[in-house]
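Reminder that position 146 of the sequence shown reads as 375 in my numbering, one-by-one numbering, no gaps. Positions of the beta carbon are idealized from the N, C-alpha and C atoms, including for glycine. If you're wondering where the values come from, they're calculated on a predicted model, not measured in any experiment. Structure, as structure tokens:
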Amino acid sequence: MEQNKILSMLNSVKEGQLSPEEALLKLKMQPFEDVQYAKIDHHRALRHGVPEVVFGEGKTTEQIAGIIETMLQSDGQNIMVTRIDQEKADAITKIHPEFVYDPVSRIGICRKVAEVTSSGLVAVCAAGTSDISVAEEAAVTAETLGNQVERMYDIGVAGIHRLFGNLEKIMQARVVIVVAGMEGALASVVGGLVSAPVIAVPASVGYGANFGGLSALLTMINACSGNVSVVNIDNGFCAGYIASLINHIGEK
């Protein structure tokens, strides 16, 4: 429960609009609510500034729908579910018609509220078209968390002139996310050209010696640009989340 909601509830008790017993019942649901198969963290937004995000992979449709229902009862907005397929998304939509699914990023959002809450720009760069699904997971996450996002795709080092053609826009960003598979060189190149923090995302795209993204991960970890940090293989969500935290520093 966010601070303003707690304050509003206390004011309601003060003004007689809500009984102490009703307020107590609401507070009993904090900091989490146990629904047997999951413990919903209602205090996540209070602690992190971002509500709990549901990792959909490995969960059943019924479990995801139940978690969404519990979060909706706590006035949840932008309830984000990551890593689900179209079939599962369609089933959830039948239960929660407000559920909006993006098949590229594999993210679904219930009670979506589009609002930009930071003045800074997040640039999401993908080396190749094959990296777009991971890049979109980062971009949709950042947008959902209140950021203005600029996408620049297929600008890898195999045709580095494509990167230079987008460099002016990239240099305007407060945070840059770079997604690259194969050898993952794009992150180090971008890091050497901009002053902003660069969040590198190794993608599992590549031939056999790519080892499912390990070669890109090692390249990015060994980047000589000091402004490059690295998240896990294919973890676009984490990149978008961290970019949002950085982009909101200093914002009201």
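Roughly how many whole angstroms lie between the Cα atoms of Met-230 and Pro-280?
Along the sequence shown, one-based indexing puts residue 230 at 1. Along the sequence shown, one-based indexing puts residue 280 at 51. In this predicted model, Met-230 has a pLDDT of only 44, less than 50, meaning its place in the structure is not dependable; the value taken from the coordinates is given anyway. Cα-Cα distance, rounded: 9 Å.
Where the alpha helix (DSSP H) containing Gln-401 begins and where it ends:
If you number the sequence shown from 1, residue 401 lands on position 172. Gln-401 -> no alpha helix (DSSP H), and no H or E assigned at all.
Taking the alpha helix (DSSP H) that Glu-286 falls in, what are its first and last residues?
Residue mapping note: residue 286 aligns to position 57 of the sequence shown, counting from 1. Counting along the chain, Glu-286 falls outside any alpha helix (DSSP H), and DSSP gives it neither H nor E.
Cα separation between Ile-406 and Ile-336?
Here residue 406 refers to the residue found at position 177 of the sequence shown. Here residue 336 refers to the residue found at position 107 of the sequence shown. Answer to the nearest angstrom: the Cα atoms are 18 Å apart.
Rounded straight-line distance, which links the Cα of Ala-356 to that of Ile-389:
Counted from its first residue, the sequence shown places residue 389 at position 160. Counted from its first residue, the sequence shown places residue 356 at position 127. In a straight line, the C-alpha of Ile-389 is about 10 Å away from that of Ala-356.
For Arg-340, collect the residues of the same chain with a Cβ closer than 8 Å to its Cβ; drop the 5 residues on either side in sequence, then sort them by chain order.
What you label residue 340 is simply residue 111 of the sequence shown in a count that begins at 1. Once the five neighbours on either side are set aside, the close Cβ partners of Arg-340 are Leu-301, Gly-305, Gln-306, Asn-307, Ile-308, Glu-327.
Drop a sphere of 10 angstroms on the beta-carbon of Lys-243, count the other beta-carbons inside from all chains shown, and report buried for 16 or more, exposed for fewer.
To locate residue 243, count along the sequence shown from 1; it is residue 14. Lys-243 should be labelled exposed.
Which one of Ala-371, Val-283, Glu-298, Gly-385 has the shortest CA to CA distance from Val-434?
Indexing the sequence shown from 1 puts residue 434 at position 205. For the residues Ala-371, Val-283, Glu-298, Gly-385, the minimum Cα distance to Val-434 belongs to Gly-385.
Excluding five sequence neighbours on each side, which residues of the same chain lie with their C-beta closer than 8 Å to the C-beta of Ala-345?
The sequence position of residue 345 within the sequence shown is 116, counting from 1. It should be noted that the sequence gives Val, not Ala, for residue 345. Hits under 8 Å: Gly-375, Asn-376, Gln-377.
Nearest-angstrom Cα distance between Leu-239 and Gly-245?
If you number the sequence shown from 1, residue 239 lands on position 10. If you number the sequence shown from 1, residue 245 lands on position 16. Rounded to whole angstroms, Leu-239 to Gly-245 spans 10 Å at the Cα level.
Supposed contact pair Gly-469 and Ala-352 - C-beta distance, whole angstroms, cut 8 Å:
Residue mapping note: residue 352 aligns to position 123 of the sequence shown, counting from 1. Residue mapping note: residue 469 aligns to position 240 of the sequence shown, counting from 1. Going by Cβ atoms, the distance from Ala-352 to Gly-469 rounds to 12 Å, so no, they are not a contact pair.
Helix, strand or coil: how does DSSP classify Gly-420 here?
Translated into the one-based positions of the sequence shown, residue 420 becomes position 191. In the structure shown, Gly-420 sits in a helix (DSSP, three-state: H, G or I).
Going along the chain, which residues of its own chain have a beta-carbon closer than 7 Å to the beta-carbon of Val-363, five neighbours each way excluded?
Taking the sequence shown and counting its residues from 1, the one referred to as residue 363 is at position 134. Only Val-408, Val-430, Ala-432, Asp-463, Gly-465 meet the Cβ criterion.
In whole angstroms, what is the alpha-carbon distance linking Thr-358 and Val-333?
Counting from 1 along the sequence shown, the entry for residue 358 is found at position 129. Counting from 1 along the sequence shown, the entry for residue 333 is found at position 104. Cα-Cα distance, rounded: 12 Å.
Determine the contact status of Gln-401 and Leu-350, defining contact as a CB-CB distance below 8 Å.
Translated into positions along the sequence shown, residue 401 becomes position 172. Translated into positions along the sequence shown, residue 350 becomes position 121. Contact: yes.
Could you pull out every unbroken alpha helix (DSSP H) segment of at least 4 residues lying fully inside the stretch 421-462, listed in chain order?
443-450
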